[in-house]
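Asker: Here you go, one structure.
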Amino acid sequence: MSSQQSTQTMKPATAAKKLGVYLPATPAAFQEGVVSRTELNELQTNPPEWLRELRQNGPHPRPVVAARLGVSIAGLARGGVTEALTTEQIEALREEGPEWLEKERATQAEVRKETARVKKLHQEKEAKEG
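Quick note, the sequence shown lines up with residues 35 to 164 if you use the working numbering.
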């Protein structure tokens with residue numbers, strides 16, 4: 035009785051998220067199939083031309099857009115950005131420096147500062163207890 039290990043697969047949306055690409059911009063074959071863990075690893079290690087192109091020029095999913103602009107995903111939504119953007123559009127937004135973007139960057143900086151403060155506080159507390 036030998037048990038054969040089944041291949042782990044994921045939906046294209048999950049694979050696109052792990053690859054950091056916008057699913058509707060991927061090739062039809064990718065969108066319509068399933069992706070095995072082995073295929074995902076191969077795509078990450080040895081990306082085909084379409085994947086390199088998407089990562090470089092977009093359109094990018096909102097988490098990538100938010101990271102490139104230095105804001106949160108909620109901050110993007112508050113700024114009215116609800117769709118995927120290309121690298122060119124992201125650069126244009128950076129250059130324009132709209133008020134909402136500057137405000138959201140400041141908010142994000144405050145959140146990071148507060149997170150670091152709380153983390154340090156927890157570490158100090160653990161050091162005293164430990």
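Note that the Cβ used here is the ideal one computed from N, Cα and C, for glycine as well.
(1) Can you pull the DSSP bridge partners for V69?
(2) If you scan the segment 117 to 145 from start to end, which runs of the alpha helix (DSSP H) of 4 or more residues do you find wholly inside it?
(3) By Cβ distance, which residues of its chain are closer than 8 Å to A100, with the 5 residues on each side in sequence left out?
(4) Output needed for S36: all residues of its chain with C-beta closer than 7 Å, excluding positions within five of it in sequence on either side, in chain order.
(5) Quick check: what's the CA-CA separation for E73 versus K159?
(6) Taking the straight line between their C-alpha atoms, what separation do you get for T60 and H94?
(7) Go through its chain and collect everything with a Cβ distance to P46's Cβ below 8 Å, but skip five positions before and after it.
(8) How would you write the range of the alpha helix (DSSP H) that V98 sits in, first residue to last?
(9) For P61, name the three-state secondary structure that DSSP assigns.
(10) Taking 8 Å as the threshold (C-beta atoms), are G104 and R139 in contact?
(11) I'd like the list of long-range same chain contacts for Q42, defined as Cβ closer than 6 Å, with 5 residues on each side in sequence excluded.
(12) Between the alpha carbons of E76 and E163, how many angstroms are there, rounded?
(13) Are G92 and A62 touching if we call contact CB-CB under 8 Å?
(14) At which residues does the alpha helix (DSSP H) containing N91 begin and terminate?
Answerer: Inspection of the coordinates gives the following:
(1) Residue 69 sits at position 35 when you count from the first residue of the sequence shown. The bridge partners DSSP lists for V69 are M44.
(2) Whole alpha helix (DSSP H) segments, 4+ residues: 121 to 130.
(3) Working through the sequence shown from its first residue, we reach residue 100 at position 66. Same-chain partners within the cutoff: S106, I107, G109, L110.
(4) Taking the first residue of the sequence shown as 1, we reach residue 36 at position 2. Note that S36 has pLDDT 47, beneath the 50 cutoff, so the model's placement of it is unreliable and the number below is only indicative. No residues qualify anywhere along the chain.
(5) Here residue 73 is taken as the residue at index 39 of the sequence shown, counted from 1. Here residue 159 is taken as the residue at index 125 of the sequence shown, counted from 1. About 45 Å.
(6) The count along the sequence shown starts at 1 and reaches residue 60 at position 26. The count along the sequence shown starts at 1 and reaches residue 94 at position 60. For the pair T60 and H94, the Cα-to-Cα distance works out to about 11 Å.
(7) The residue you call residue 46 lines up with position 12 of the sequence shown. The residues are L57, T60, F64, Q65, E66, G67, V68, V69.
(8) In the sequence shown, residue 98 corresponds to position 64, counting from 1. Taken as a continuous stretch (DSSP letters only), the alpha helix (DSSP H) holding V98 covers 96 to 103.
(9) As a position in the sequence shown, residue 61 is number 27, starting the count at 1. Residue state, collapsed to three classes: coil.
(10) Stepping through the sequence shown from its first residue, residue 139 is reached at position 105. Stepping through the sequence shown from its first residue, residue 104 is reached at position 70. Closer than 8 Å, so yes.
(11) The sequence position of residue 42 within the sequence shown is 8, counting from 1. Answer for Q42: R71, listed in chain order.
(12) The residue given as residue 76 occupies position 42 in the sequence shown. The residue given as residue 163 occupies position 129 in the sequence shown. Rounded to whole angstroms, E76 to E163 spans 46 Å at the Cα level.
(13) Counting from 1 along the sequence shown, the entry for residue 92 is found at position 58. Counting from 1 along the sequence shown, the entry for residue 62 is found at position 28. No, the pair does not count as a contact, with Cβ atoms beyond the cut-off.
(14) As a working note, residue 91 is residue 57 in the sequence shown. Annotation: the continuous alpha helix (DSSP H) that includes N91 extends over 83 to 91.
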